[in-house]
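Input: a single structure, listed below in C-alpha coordinates.
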(Lines of atoms letter the chains of each structure in order from A and count residues from 1; the text may use other names and numbers.)
(Lines give C-alpha, C1' and ligand atoms only; values in the text may rest on other atoms or scores of the structure.)
Protein backbone atom coordinates (compact mmCIF):
# COMPACT_ATOMS: atom_id res chain seq x y z
CA UNK A 1 0.00 0.00 0.00
CA UNK A 2 2.81 2.40 0.87
CA UNK A 3 4.52 1.64 -2.43
CA UNK A 4 1.35 2.55 -4.33
CA UNK A 5 1.07 5.83 -2.45
CA UNK A 6 4.72 6.65 -3.18
CA UNK A 7 4.24 5.91 -6.91
CA UNK A 8 1.14 8.10 -6.95
CA UNK A 9 2.99 10.94 -5.21
CA UNK A 10 5.89 10.62 -7.67
CA UNK A 11 3.51 10.79 -10.65
CA UNK A 12 1.71 13.81 -9.22
CA UNK A 13 5.02 15.57 -8.62
CA UNK A 14 6.32 14.87 -12.12
CA UNK A 15 3.01 16.01 -13.66
CA UNK A 16 3.16 19.22 -11.62
CA UNK A 17 6.75 19.86 -12.72
CA UNK A 18 5.77 19.34 -16.38
CA UNK A 19 2.86 21.78 -16.07
CA UNK A 20 5.05 24.30 -14.27
CA UNK A 21 7.68 24.07 -17.02
CA UNK A 22 5.04 24.49 -19.72
CA UNK A 23 3.66 27.62 -18.08
CA UNK A 24 7.14 29.17 -17.85
CA UNK A 25 7.72 29.00 -21.60
CA UNK A 26 8.13 32.57 -22.81
CA UNK A 27 5.76 33.85 -25.46
CA UNK A 28 7.04 36.44 -27.89
CA UNK A 29 5.22 38.50 -30.44
CA UNK A 30 7.74 39.33 -33.14
CA UNK A 31 7.21 42.84 -34.48
CA UNK A 32 10.64 43.56 -35.93
CA UNK A 33 13.06 41.78 -38.22
CA UNK A 34 16.61 40.87 -37.22
CA UNK A 35 17.84 44.15 -38.70
CA UNK A 36 15.34 46.20 -36.68
CA UNK A 37 12.81 46.97 -39.38
CA UNK A 38 9.17 46.98 -38.30
CA UNK A 39 7.16 44.19 -39.87
CA UNK A 40 3.98 45.02 -41.81
CA UNK A 41 0.59 44.60 -40.16
CA UNK A 42 -0.79 41.06 -40.29
CA UNK A 43 -3.50 40.38 -42.83
CA UNK A 44 -6.98 41.13 -41.55
CA UNK A 45 -9.64 38.54 -42.24
CA UNK A 46 -12.51 40.11 -44.12
CA UNK A 47 -16.05 39.38 -42.98
CA UNK A 48 -14.74 37.63 -39.85
CA UNK A 49 -17.85 38.24 -37.76
CA UNK A 50 -20.10 37.23 -40.64
CA UNK A 51 -18.18 33.97 -41.04
CA UNK A 52 -18.53 33.23 -37.33
CA UNK A 53 -22.26 33.91 -37.42
CA UNK A 54 -22.72 31.78 -40.54
CA UNK A 55 -20.99 28.93 -38.73
CA UNK A 56 -22.56 29.23 -35.26
CA UNK A 57 -26.19 30.01 -36.09
CA UNK A 58 -26.87 26.91 -38.26
CA UNK A 59 -25.27 24.76 -35.54
CA UNK A 60 -27.51 26.27 -32.88
CA UNK A 61 -30.58 25.82 -35.08
CA UNK A 62 -29.68 22.21 -35.85
CA UNK A 63 -29.09 21.44 -32.16
CA UNK A 64 -32.37 23.04 -31.13
CA UNK A 65 -34.26 21.14 -33.82
CA UNK A 66 -32.73 17.81 -32.79
CA UNK A 67 -33.57 18.53 -29.14
CA UNK A 68 -37.15 19.49 -29.96
CA UNK A 69 -37.68 16.36 -32.06
CA UNK A 70 -36.09 14.19 -29.37
CA UNK A 71 -38.36 15.62 -26.68
CA UNK A 72 -41.41 15.10 -28.90
CA UNK A 73 -40.36 11.49 -29.53
CA UNK A 74 -39.90 10.79 -25.81
CA UNK A 75 -43.28 12.30 -24.95
CA UNK A 76 -45.07 10.54 -27.82
CA UNK A 77 -43.78 7.13 -26.73
CA UNK A 78 -44.51 7.83 -23.05
CA UNK A 79 -40.85 7.46 -22.15
CA UNK A 80 -40.80 10.86 -20.48
CA UNK A 81 -43.94 12.86 -19.90
CA UNK A 82 -43.70 15.96 -17.71
CA UNK A 83 -46.15 16.08 -14.82
CA UNK A 84 -48.70 18.85 -14.63
CA UNK A 85 -47.44 19.60 -11.09
CA UNK A 86 -44.02 20.67 -12.45
CA UNK A 87 -45.35 23.96 -13.78
CA UNK A 88 -46.66 25.22 -10.44
CA UNK A 89 -44.62 27.81 -8.58
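In the UniProt record's numbering, the protein residues as written are 1 to 89. Using N, Cα and C, we set each Cβ at its ideal position, and we do this for glycine too.
Membership of residue 52 in the alpha helix (DSSP H) is indicated by the continuous run 48 to 76.
Distance between residue 30 and residue 52, taken at the CA atoms: about 27 Å. DSSP lists no bridge partner for residue 33.
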